[in-house]
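Novice:
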Amino acid sequence: PEHIMKVGTGFWASKALLSAVELGLFTELAAGPLEAETLRQRLGLHERAVVDFLDALVALGFLERREGMYANTPDTAFFLDRGKPGYVGGLLEMANARLYPAWGSLTEALRTGLQQNEAKTGGDPFVELYSSPAGLENFLRAMTGVSLGAALALAQKFPWKNYQTFVDVGVAQGAVPVEIARAHPHLRGIGYDLPVVRPVFEKYAAARGVADRVTFQPGDFFKNPLPGADVIIMGHI
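Sequence positions in the sequence shown follow the working numbering and run 1204 to 1440.
The following block contains the structure:
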């Protein structure tokens, strides 16, 4: 029953990784290897749990261990250090905070047909998600995590030399237009999303040096016409 057991207990490995991201473990290791006791103190962990937790992450391939010192792997150093532009952990942060509990109610969803997200108690889930600056930024950072790989591919694969302008509909933090603009200096782009997204988008675009060519336009794509551009991008909306 190996495959059955592997899938049935898959949440064990998943939650170990999600908790590591939530704790900022990989970011803490960005400067170099550390001993378990140092990590325990910095992350505020109980002494009973720390070694088993770190060794589980070694076994899962997310950490390396040499002579009692723990270090990031090349993948976790690149993708899960919050200080690096390649950080995709925002999606995992959202998975830990929102999706993991919702999936725990899958049986209820199958029986009732009802949503198990923020709409479970009524109302618009996006109103709930965007109700606080922290919640908004966490969700938009998650969208960067799920979109960054596609953004890099789009920047390289699509024949952008044939076009001058583009708009990304439902732009979130701005990963897609930012990566496209960075790869093609002749392009000018628009990020189109709800007005509340503007400050998060503009901060992200400015930090990556393209704020002069990638601008924000507020709107609701369910109600308003889309901005005019040579290319319209839609993804994860």
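Don't be surprised by glycine CBs; every beta carbon is placed ideally from N, CA and C.
Which residues does DSSP pair with Asp1371 in a beta bridge?
Specialist: Beta-bridge pairing links Asp1371 to Gly1394 and Ile1436.
Novice: Run through the DSSP bridge pairs and tell me what Ala1274 is partnered with.
Specialist: DSSP output for Ala1274 lists Glu1267 as bridge partner(s).
Novice: Say whether the segment 1232-1239 touches the segment 1256-1272, bearing in mind that this needs 3 or more beta-carbon pairs closer than 8 angstroms, one atom from each stretch.
Specialist: yes
Novice: With DSSP run on the structure shown, which of helix, strand or coil describes Pro1421?
Specialist: strand
Novice: As an exercise, report each continuous alpha helix (DSSP H) stretch of at least 4 residues that is fully enclosed by the segment 1210-1273, in chain order.
Specialist: 1213-1226, 1228-1231, 1239-1246 and 1253-1262
Novice: Could you tell me the alpha carbon to alpha carbon distance between Glu1382 and His1439, rounded to whole angstroms?
Specialist: 17 angstroms
Novice: For Ser1308 and Gln1319, which I take to be in contact (beta-carbon distance under 8 angstroms), what is that distance rounded to the nearest angstrom?
Specialist: 4 angstroms
Novice: Start and end of the alpha helix (DSSP H) containing Val1403?
Specialist: Arg1401 to Ala1410
Novice: So, Gly1394 versus Phe1369, is the Cβ gap smaller than 8 angstroms?
Specialist: no
Novice: Quick check: the Cα distance between Pro1204 and Glu1405, rounded to an integer number of angstroms?
Specialist: 51 angstroms
Novice: Specify whether the segment 1288-1297 and the segment 1341-1355 touch according to this definition: at least 3 beta carbon pairs, one from each stretch, less than 8 angstroms apart.
Specialist: yes
Novice: Out of Leu1355, Gly1431, Gly1422 and Ala1356, which one is the CA nearest neighbour of Gln1367?
Specialist: Gly1431
Novice: Would you mind listing the alpha helix (DSSP H) stretches within the segment 1316-1348 that are 4+ residues and don't spill past its ends, in chain order?
Specialist: 1328-1332
Novice: Quick one: what's got a C-beta closer than 7 angstroms to Asp1327's C-beta in the same chain, skipping five residues either side?
Specialist: none
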